[in-house]
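Chains as they are written, first to last, in our numbering: chain A, 74 to 406; chain B, 74 to 406.
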């Protein structure tokens, strides 16, 4: 049995290039007792994967060279030798970056498809990015009704949900930054952000100060660097930042610009708190109930940018790092 | 009735100089109904006062030009027209920087002197600096038994107490930085720090990494800049920093060095939290009980560096900013 899968061929220096990856045909033996074989329908490409391409200590171990990478995927069971799963079951798992996935049954979580919700949503709004937005905004930043909330990377998979959750939870004002006029229009016109700006159109602190004349209370940081500095400038007393990632730094070969106004963290009694979604599985049930209802009731919407086929998976990943996606970047397999 | 008091004569640019201040003789009318007249015995000079000399929005309003400054002081009531205070009472109040203080009775808190504890301690270990150390370490950084704790500015009024409180509360290891070999010896030999280094003797991150081979869990930051960057480098997973002040920045005319490794705040799930002690008056009773017992039992000790007379108050303040004090800097009046 043949499958095709994407290997890490070289550790990227700075921005990854197509040459850092290889699509490889591989042989697969049939599933053994307790295993299942899954045909992947969608795989996810996410910013955190860039970190795993470095040979550096991080919160997840690095990908191994000349081995298939891993990542979120949704697939359909085609052969099962595990009692809990049957042919035709739809499952969520971490064996992405390949057409066929084989492994122990317990690595695969059976999904109960909901009418009107595409399976791909389990890699986005109803999946890890959604939980990241939910936990970061509500638990880490402790967003409360009446807060003014600023989200960077607001047209991305996580940011677009963080802004909409803020709206559902009674934010007084939701502000987003993104990297193009098209994305800014999407935030304002489609997602109901009160203000949005293209961070490439000026200095971030000026743009944020204009968008938030009365300051901000919560900052959901997907970007780092100048965005964090601007947020510290705009924070009201007691402001809280959830630091989710820093896509501005992932491909930097030099350390990124650092906020030079950290002294305000004292005077304004600010809290800057980093988090990793995998620590917060205890919130999955609350999240699934809330987000499922918001999506079902049309209160939260999401976009997907979908590339086709394993041969385009690397391109999808590189385009996502370059900000070419609106909402969640996915590959249909 | 004549008194002498210290005025702010000019707003300092960068490091203050003696010319920014003036000792002025002033007339004082007798206390009116509800007022008391107090002869100050000790006044405090503290790093936060530097911020009040700028004409900038901060958590405390700026000092006014050509007016007497304010600050913590301990004095003795010499005339009372307030029913709650009598001649001879010893009081704690905020009308420092002057020989005689006059004001409404409720501005003055009567102290019950404790045998063996000098009155000056109410401006240090038993006062605002002590509460700062207590709240910052235990509440803001959430220090727990078994933590490795790093304190910068550890020979100062707040830092020397933060390190000793960490020891009393079961820290596995207490590490301090200070600005001279004499201070380092004081930390190691007198205060029981497990390790201490002179931050001027090398790169802070190297010195800290050597002093904390297994990393740190809590950082009590009095300094900012390179110290904060080094702490982020050394933090273990889930590390917590209480940001108390940034004396490295108070006199800077350029923004200070900023930590370029903030991306680690995400991967290590760090929390950086600023605070201002005046928000935490609800902890005064706990603090007073704990600290009083620790001092009485000889478990916590403190040093004072005392200058004499209102004419030397500015010199005391400038010397404190320059790090010439061991423990609390005070002026005896």
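Using N, Cα and C, we set each Cβ at its ideal position, and we do this for glycine too.
On the DSSP bridge list, what partners appear for residue i?
i: residue 347 of chain A; result: A:316
i: residue 377 of chain B; result: B:401
i: residue 370 of chain B; result: DSSP, once it has assigned bridges, lists no residue as partnering residue 370 of chain B.
i: residue 323 of chain A; result: Paired residues: none, contrary to the question.
i: residue 293 of chain A; result: A:224 and A:315
i: residue 361 of chain B; result: DSSP, once it has assigned bridges, lists no residue as partnering residue 361 of chain B.
i: residue 229 of chain B; result: B:400
i: residue 308 of chain A; result: A:289
i: residue 78 of chain B; result: B:97 and B:171
Residue i versus chain A: which residues are under 8 Å apart at the beta carbon?
i: residue 289 of chain B; result: Within chain A, no residue comes near residue 289 of chain B; the closest Cβ sits about 16 Å away, beyond 8 Å.
List, in order along the chain, the chain B residues whose C-beta lies closer than 8 Å to that of residue i?
i: residue 332 of chain A; result: 331 and 335
i: residue 319 of chain A; result: 335, 336 and 339
i: residue 301 of chain A; result: 335
Against residue i, what residues of chain A qualify as contacts under a CB-to-CB distance less than 7 Å, listed in chain order?
i: residue 297 of chain B; result: 335 and 336
i: residue 434 of chain B; result: Beyond the ends of chain B as shown, which are 74 and 406, falls residue 434 of chain B; an answer cannot be given.
i: residue 394 of chain B; result: Within 7 Å Cβ-Cβ: nothing; residue 394 of chain B doesn't reach chain A, min ~15 Å.
Strictly below 7 Å CB to CB, what residues from chain B border residue i?
i: residue 322 of chain A; result: 336
Original post:
Per the contact definition of three or more C-beta pairs closer than 8 Å, is the segment 184 to 200 of chain B in contact with the segment 250 to 261 of chain B?
Top reply: Flag = no, the segment 250 to 261 of chain B and the segment 184 to 200 of chain B do not touch.
Subject >> Residue ranges of each beta strand (DSSP E) within the segment 162 to 226 of chain B, 3 or longer >> reply: Entirely contained in the segment 162 to 226 of chain B, the beta strand (DSSP E) runs reaching 3 residues are, in chain order, 163 to 166, 173 to 177 and 221 to 224.
Original post:
Three or more beta-carbon pairs under 8 Å between the segment 213 to 222 of chain A and the segment 286 to 298 of chain A, yes or no?
Top reply: Touching, yes.
Subject >> Members of the segment 335 to 359 of chain B near chain A, C-beta cut-off 9 Å >> reply: Of all residues in the segment 335 to 359 of chain B, the ones placed with a Cβ closer than 9 Å to any Cβ belonging to chain A are 335, 336, 337, 338, 339, 340, 341, 342, 343, 344, 345, 346, 347, 348, 349 and 352, in chain order.
**OP:** Within the segment 81 to 155 of chain A, note down every full alpha helix (DSSP H) run reaching 4 residues or more, in order along the chain.
**Re:** With a minimum length of 4 residues, the continuous alpha helix (DSSP H) runs that stay inside the segment 81 to 155 of chain A are 121 to 125.
Original post:
For the segment 350 to 367 of chain B against the segment 363 to 378 of chain A, are there 3 or more C-beta pairs whose distance is under 8 Å?
Top reply: Counting Cβ pairs under 8 Å, fewer than three are found: no touch.
Original post:
For the segment 209 to 231 of chain B, which residues have a beta carbon sitting closer than 8 Å to at least one beta carbon of chain A?
Top reply: Going along the segment 209 to 231 of chain B in chain order, one finds no residue with a Cβ nearer than 8 Å to chain A.
Original post:
Taking a cut of 9 Å between CB atoms, which residues from the segment 151 to 171 of chain B lie near chain A?
Top reply: Against chain A - using a Cβ distance shorter than 9 Å - the segment 151 to 171 of chain B contributes no residues.
Original post:
Contact between the segment 105 to 125 of chain B and the segment 378 to 394 of chain B: three or more CB pairs below 8 Å?
Top reply: Look at the beta carbons and you see the segment 105 to 125 of chain B touching the segment 378 to 394 of chain B: at least three pairs across the two are nearer than 8 Å.
Original post:
Can you find at least 3 beta carbon pairs, one from the segment 202 to 210 of chain B and one from the segment 224 to 233 of chain B, that sit closer than 8 Å?
Top reply: A contact is defined here as three or more CB-CB pairs under 8 Å, and the segment 202 to 210 of chain B meets this definition with respect to the segment 224 to 233 of chain B.
**OP:** Just list the beta strand (DSSP E) runs in the segment 232 to 271 of chain B, keeping only unbroken ones of 3 residues or longer that don't cross its boundaries, in chain order.
**Re:** At a cut-off of 3 residues, the continuous stretches assigned as beta strand (DSSP E) that sit fully inside the segment 232 to 271 of chain B are 246 to 251 and 268 to 271.
**OP:** With 8 Å as the limit, tell me which residues of the segment 194 to 208 of chain A have their beta carbon closer than that to any beta carbon of chain B; keep them in chain order.
**Re:** Flagged: no residues at all.
Original post:
Of all the residues that make up the segment 264 to 282 of chain B, which are near chain A by a beta-carbon distance shorter than 8 Å?
Top reply: Taking 8 Å as the Cβ-Cβ cut-off against chain A, none of the residues of the segment 264 to 282 of chain B qualify.
Original post:
Do the segment 299 to 317 of chain B and the segment 337 to 350 of chain B touch if we need at least three Cβ pairs shorter than 8 Å?
Top reply: Judged by Cβ distances under 8 Å, the segment 299 to 317 of chain B makes contact with the segment 337 to 350 of chain B, as three or more pairs qualify.
**OP:** Specify whether the segment 261 to 273 of chain A and the segment 326 to 335 of chain A touch according to this definition: at least 3 beta carbon pairs, one from each stretch, less than 8 Å apart.
**Re:** Contact between the segment 261 to 273 of chain A and the segment 326 to 335 of chain A is absent: fewer than three C-beta pairs spanning the two stretches fall below 8 Å.
Subject >> Three CB pairs or more closer than 8 Å across the segment 152 to 165 of chain A and the segment 97 to 111 of chain A >> reply: Three or more pairs of CB atoms, one per stretch, sit closer than 8 Å, so the segment 152 to 165 of chain A contacts the segment 97 to 111 of chain A.
Subject >> Stretch-stretch touch, CB-based, cutoff 8 Å, three pairs: the segment 129 to 147 of chain B with the segment 158 to 172 of chain B >> reply: Short answer: they touch.
Original post:
Taking contact to mean at least 3 C-beta pairs separated by less than 8 Å, is the segment 277 to 288 of chain A in contact with the segment 303 to 310 of chain A?
Top reply: Taking 8 Å as the limit for Cβ pairs, the verdict is that the segment 303 to 310 of chain A does touch the segment 277 to 288 of chain A.
Original post:
Any contact of the segment 398 to 405 of chain A with the segment 376 to 390 of chain A, i.e. 3+ C-beta pairs under 8 Å?
Top reply: Touching, yes, given that three or more Cβ pairs across the two stretches are closer than 8 Å.
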